[in-house]
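In what follows, a structure is listed as structure tokens, so that the remarks can point back to it.
Structure below.
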């Protein structure tokens with residue numbers, strides 16, 4: 001693979017504007033908040049490529065995204081949004097708990 005085919009995970013998270021700095025991205029990765037293709041990663045230098053699926057637990061929100069591109073720079077939000085697409089179909093565990101509480105009342 002060439003350098004443009006893959007990228008460090010911390011750098012990609014920064015380019016895609018999920019975090020404000022690479023050091024924050026590295027911290028989240030080391031804390032186990034990011035999974036790549038359902039496998040927990042703890043190294044910021046983990047390489048990712050197009051087609052990989054990230055599961056990110058960021059700031060109380062769980063997001064499942066598919067990587068669509070590798071960024072050359074941290075550009076404007078429109079450019080960053082083109083690097084990934086949200087995947088639907090995450091398990092609705094929190095909504096089920098909320099519905100159960102309402103039906104008991």
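In full-length UniProt numbering, the protein residues as written are 1 to 105. In this text, a Cβ means the ideal position worked out from N, Cα and C, and glycines have one as well.
- DSSP places residue 61 in the uninterrupted beta strand (DSSP E) bounded by 61 to 67.
- In the three-state DSSP reduction, residue 44 falls in the coil class, being neither helix nor strand.
- For residue 9, the enclosing alpha helix (DSSP H) begins and ends at 9 to 15.
- Residue 70 is bridged by DSSP to nothing; it lacks a bridge partner.
- With a 10 Å radius around the Cβ and a threshold of 16 neighbouring Cβ atoms, residue 28 comes out buried.
- For residue 6, the pairing in a beta bridge is given by DSSP as 49.
- Burial state of residue 83 is buried, judged by a 10 Å Cβ sphere holding 16 or more other Cβ atoms.
- Within the same chain, 40, 42 come within 7 Å of residue 32 by CB-CB distance, once the 5 residues on both sides are set aside.
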